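Novice: One structure follows; several queries about it will come next.
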Amino acid sequence: MSLTIPLIAMIVGTFALRLIGPALRSRMTISPRIDRVMSTSVAVVFVALIATSTLLVGKDFAGFAAPIGVTVAGILAWRKAPFVVIVIAAAATTAALRWIGVA
Numbered sequence: 001m002s003l004t005i006p007l008i009a010m011i012v013g014t015f016a017l018r019l020i021g022p023a024l025r026s027r028m029t030i031s032p033r034i035d036r037v038m039s040t041s042v043a044v045v046f047v048a049l050i051a052t053s054t055l056l057v058g059k060d061f062a063g064f065a066a067p068i069g070v071t072v073a074g075i076l077a078w079r080k081a082p083f084v085v086i087v088i089a090a091a092a093t094t095a096a097l098r099w100i101g102v103a
């Protein structure tokens, strides 16, 4: 089966959702509780994405170097360090830990 039809369906569906969202937002009212839940769910999905990409390589544990590097980045971001400093510190921490054998 060709991938053309599913690809076109996904393109049309994505475009339709992007058009429908703003159109419905002006016509519907969302309760403050639902708005809070939706805001929280965005954060939960983001944290889950970070956790799985940091802690796992395939189905195996990625080792301690990457999570420690991400922790360093999180602390620096919390302290409002410049983005370049955050990236360099996280990469340097991870590289140093891997260099000394902490995988």
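Residue 36 in full-length UniProt numbering is what sits at position 36 of the sequence shown, and the numbering runs on without skipping anything. Every residue gets a Cβ at the ideal spot worked out from N, C-alpha and C, and that includes glycine. As the structure is a prediction and not an experimental result, all values here were calculated from the model.
#1: Where does residue 7 land, buried or exposed, given buried means 16+ other C-beta within 10 angstroms?
#2: In this structure, how does DSSP classify residue 112 when only helix, strand and coil are distinguished?
#3: Residue 58: buried (16+ other C-beta within 10 angstroms of its C-beta) or exposed?
#4: Given residue 54, which residues of its chain have a CB within under 6 angstroms of its CB, disregarding the five upstream and five downstream residues?
#5: Could you tell me the alpha carbon to alpha carbon distance between residue 101 and residue 91, rounded to whole angstroms?
#6: Three-state secondary structure (DSSP) at residue 56?
#7: Helix, strand or coil for residue 61? Go by DSSP, reduced to three states.
#8: Which residues mark the beginning and the end of the alpha helix (DSSP H) in which residue 7 is found?
#9: Would you identify the three-state DSSP class for residue 82, choosing helix, strand or coil?
#10: Out of curiosity, what's the CA-to-CA distance linking residue 49 and residue 56?
#11: Give every residue of the same chain whose Cβ lies closer than 8 angstroms to the Cβ of residue 62, excluding the five residues on either side of it in the sequence, and list them in chain order.
Specialist: The short version:
#1: Along the sequence shown, one-based indexing puts residue 7 at 7. Taking all protein chains shown into account, residue 7 has fewer than 16 neighbouring C-beta atoms within 10 Å of its C-beta and is therefore exposed.
#2: The first residue shown for the chain is 1 and the last is 103, placing residue 112 beyond what the model contains.
#3: By one-based count along the sequence shown, residue 58 stands at place 58. Counting Cβ neighbours within 10 Å, residue 58 comes out exposed, since fewer than 16 surround it.
#4: Residue 54 sits at position 54 when you count from the first residue of the sequence shown. 66, 67, 70, listed in sequence order.
#5: Reading the sequence shown from its first residue, position 101 is the one you call residue 101. Reading the sequence shown from its first residue, position 91 is the one you call residue 91. Distance between the alpha carbons of residue 101 and residue 91: 15 angstroms.
#6: Numbered from 1 along the sequence shown, position 56 holds the residue referred to as residue 56. Of the three classes helix, strand and coil, the one that applies to residue 56 here is strand, per DSSP.
#7: The residue labelled residue 61 in the question sits at position 61 within the sequence shown. In the structure shown, residue 61 sits in a strand (DSSP, three-state: E or B).
#8: Numbered from its first residue, the sequence shown carries residue 7 at position 7. Taken as a continuous stretch (DSSP letters only), the alpha helix (DSSP H) holding residue 7 covers 4-27.
#9: Position 82 of the sequence shown, counting from 1, holds the residue named residue 82. Residue 82: coil per DSSP, three-state reduction.
#10: What you label residue 49 is simply residue 49 of the sequence shown in a count that begins at 1. What you label residue 56 is simply residue 56 of the sequence shown in a count that begins at 1. Their Cα atoms are separated by approximately 11 angstroms.
#11: Position 62 of the sequence shown holds residue 62. 54, 55, 56, listed in sequence order.
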